[in-house]
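If you read the protein sequences in the order shown, they are chains F and B.
In this text, residue positions in the first sequence follow the working numbering: the first is 1, and each later residue adds one.
In this text, residue positions in the second sequence follow the working numbering: the first is 147, and each later residue adds one.
Ideal placement from N, C-alpha and C gives every residue a C-beta, glycine not left out.
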Amino acid sequence: MTLCLPQSVLQRIWDDGQAHYPEEGAGLILGHLQGDVRHGSSLLRLANSFEVTARGRRYRLAADDMLRAEAEADRLGLDILGVYHSHPDHPPRPSEFDRDWALPFYSYVITSVRAGRAVESRCWRLTEDRAEMVQEPLEILPEEAS
Amino acid sequence: MITVRIPSALRPYADGQKEVTLDAVSVDHALEVLTERFPALNPHLYDETETLRQYVNLFVNEQDVRSLQGGATPLTAGDRMMIVPSIAGGVDAAPLQSVDHATRRVSQAIIIVLLLAAYVLNVIWLLAAVAATLTIGALASRPSFRPIYGGL
Numbered sequence: 001m002t003l004c005l006p007q008s009v010l011q012r013i014w015d016d017g018q019a020h021y022p023e024e025g026a027g028l029i030l031g032h033l034q035g036d037v038r039h040g041s042s043l044l045r046l047a048n049s050f051e052v053t054a055r056g057r058r059y060r061l062a063a064d065d066m067l068r069a070e071a072e073a074d075r076l077g078l079d080i081l082g083v084y085h086s087h088p089d090h091p092p093r094p095s096e097f098d099r100d101w102a103l104p105f106y107s108y109v110i111t112s113v114r115a116g117r118a119v120e121s122r123c124w125r126l127t128e129d130r131a132e133m134v135q136e137p138l139e140i141l142p143e144e145a146s
Numbered sequence: 147m148i149t150v151r152i153p154s155a156l157r158p159y160a161d162g163q164k165e166v167t168l169d170a171v172s173v174d175h176a177l178e179v180l181t182e183r184f185p186a187l188n189p190h191l192y193d194e195t196e197t198l199r200q201y202v203n204l205f206v207n208e209q210d211v212r213s214l215q216g217g218a219t220p221l222t223a224g225d226r227m228m229i230v231p232s233i234a235g236g237v238d239a240a241p242l243q244s245v246d247h248a249t250r251r252v253s254q255a256i257i258i259v260l261l262l263a264a265y266v267l268n269v270i271w272l273l274a275a276v277a278a279t280l281t282i283g284a285l286a287s288r289p290s291f292r293p294i295y296g297g298l
């Protein structure tokens with residue numbers, strides 16, 4: 001499975017991570033599925049509802065927001081393909097907490113934000129047996145190809 | 147009949163269906179019927195102890211069932227039940243910083259010697275210098291007299 005994102009969408013993910021630094025920023029990736037390729041075309045930025053004091057290393061998208069997000073995706077005729085979030089001053093690798101809370105199917109784009117600047121994004125997906133998160137290809141498309 | 151809305155993350159385990167209609171008298175009953183019809187959903191809704199996973203939220207007609215009667219919330223024909231995942235994650239706890247005990251002990255020794263000297267010699271500027279050095283060290287989160295230790 002490959003996640004394809006236009007450069008502008010990746011840039012918005014990076015902008016969001018930088019805007020939330022030193023807290024974690026998160027949201028949803030919307031798009032459509034084509035065989036083994038997921039085409040992300042837009043983002044839904046959502047609030048980090050985790051306790052304020054822990055937002056530097058935790059994020060949560062509240063059920064109410066997810067309810068509205070599902071309705072918005074329906075309205076746009078798109079699917080929720082995955083979740084993006086930032087890791088302030090940490091590598092873009094999923095933590096055990098990420099795995100505990102991960103859902104199957106979704107692509108998880110994690111962006112490392114170091115000293116306020118986004119430096120790297122990687123994409124991960126939970127295995128069917130929920131045992132681990134494996135990296136999946138993240139393809140960035142130049143704007144004219146998106 | 148009631149309608150159960152399946153979130154996009156779980157549709158692959160429900161034959162790709164966005165909505166399922168079924169007969170059920172309560173929320174728990176609806177989940178039971180749903181997982182009987184689509185067994186592949188089971189591990190993603192329940193953990194090893196058959197408890198609903200922490201990310202599973204259930205709404206009936208857009209009301210969270212936790213504000214109703216939970217799994218016992220009754221359902222009537224025409225009700226719309228929604229399975230809504232909440233999403234969470236984050237980094238592992240910050241790695242602990244190693245402590246250089248030798249530097250710390252040397253710094254403490256230097257502080258004691260300088261304070262004693264300031265007291266015995268009655269030199270107020272020495273006391274002020276120690277205080278300033280400690281303040282700078284605290285702001286920089288490093289042992290105040292490490293430069294001296296490093297030069298020894």
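Start and end residues, alpha helix (DSSP H) containing residue i
| i | result |
| --- | --- |
| F:PHE97 | 96-101 |
| F:LEU138 | Per DSSP, F:LEU138 belongs to no alpha helix (DSSP H); it is in the beta strand (DSSP E), 138-141. |
| B:LEU272 | 270-286 |
| B:LEU177 | 173-183 |
Paired residues, beta bridge with residue i - DSSP
| i | result |
| --- | --- |
| F:HIS39 | F:CYS4, F:HIS32 |
| B:ASN188 | DSSP lists no partner for B:ASN188. |
| B:GLY235 | F:TYR59 |
| F:HIS85 | F:ALA26, F:ILE110 |
| F:SER121 | F:THR111 |
| F:ARG45 | F:GLY27 |
| B:PRO220 | B:SER172 |
Chain A contact residues for residue i, given Cβ-Cβ distances below 7 Å
| i | result |
| --- | --- |
| F:VAL83 | The structure shown contains no chain A; the protein chains it does contain are F and B. |
Rounded C-alpha distance that separates residue i from residue j
| i | j | result |
| --- | --- | --- |
| F:THR127 | B:VAL276 | 57 Å |
| F:GLU143 | F:SER8 | 7 Å |
| B:ILE229 | F:ARG125 | 21 Å |
| F:VAL113 | F:SER121 | 9 Å |
| B:SER253 | B:ASN268 | 22 Å |
| B:GLN215 | B:TYR192 | 19 Å |
| B:LEU261 | B:LEU280 | 12 Å |
| F:SER49 | B:PHE291 | 43 Å |
| B:PRO241 | B:ARG250 | For B:PRO241, the pLDDT reaches just 44, beneath the cut-off of 50, and the residue's location in the model is therefore unreliable, leaving the point undetermined. |
| B:MET147 | F:PRO104 | 28 Å |
| F:GLU139 | B:LEU285 | 43 Å |
| F:SER146 | F:ARG68 | Interpretation of F:SER146 is limited by its pLDDT of 48, a score under 50 that renders its predicted location unreliable; the figure taken from the coordinates is listed afterwards. Each residue's alpha carbon lies about 27 Å from the other. |
| B:ARG183 | B:ASP174 | 14 Å |
Burial state of residue i, where buried means 16 or more other Cβ atoms lie within 10 Å
| i | result |
| --- | --- |
| B:THR222 | exposed |
| F:GLU24 | buried |
| B:TYR265 | exposed |
| B:VAL206 | buried |
| B:THR219 | buried |
| B:GLN270 | Strictly speaking, residue 270 of chain B in this sequence is Ile, with Gln absent from that position. Under this definition B:ILE270 is an exposed residue. |
| F:HIS39 | buried |
| B:GLN243 | Unreliable placement is indicated for B:GLN243, whose pLDDT of 48 sits below 50; the coordinate value is still reported in the next sentence. Exposed. |
| B:ILE282 | exposed |
| B:ILE258 | exposed |
| F:SER107 | buried |
| B:THR167 | exposed |
Residue i: first and last residue of the uninterrupted beta strand (DSSP E) it sits in
| i | result |
| --- | --- |
| B:PHE205 | 202-206 |
| B:ILE148 | 148-151 |
Item to check | Short-range partners of chain F found in the region 212-233 of chain B, where Cβ spacing is below 8 Å | outcome: Of all residues in the region 212-233 of chain B, only MET228, VAL230, PRO231, SER232, ILE233 come within less than 8 Å of chain F when Cβ atoms are compared, listed by chain position.
Item to check | Contacting positions in the region 110-128 of chain F - beta carbon closer than 9 Å to chain B | outcome: Residues of the region 110-128 of chain F with a Cβ closer than 9 Å to any Cβ of chain B, in chain order: ILE110, GLU128.
Checklist entry - For the region 51-68 of chain F, which residues have a CB atom closer than 9 Å to at least one CB atom of chain B, in sequence order? => result For the region 51-68 of chain F, the set of residues with a beta-carbon nearer than 9 Å to any beta-carbon of chain B comprises ALA54, ARG55, GLY56, ARG57, ARG58, TYR59, ARG60, LEU61, ALA62, ALA63, ASP64, ASP65, MET66, LEU67, in chain order.
Next on the checklist: Against chain B, which members of the region 13-36 of chain F pass a CB distance test of less than 9 Å?
Outcome noted: Cβ contacts with chain B: GLU24, ALA26, LEU28.
Next on the checklist: Please list, in chain order, the residues of the region 180-193 of chain B that have any C-beta partner in chain F closer than 8 Å.
Outcome noted: Going along the region 180-193 of chain B in chain order, one finds PRO189, HIS190 with a Cβ nearer than 8 Å to chain F.
Item to check | Proximal residues, the region 154-173 of chain B versus chain F, C-beta separation under 7 Å | outcome: For the region 154-173 of chain B, which is checked against every Cβ of chain F, the residues closer than 7 Å are SER154, ALA155, PRO158.
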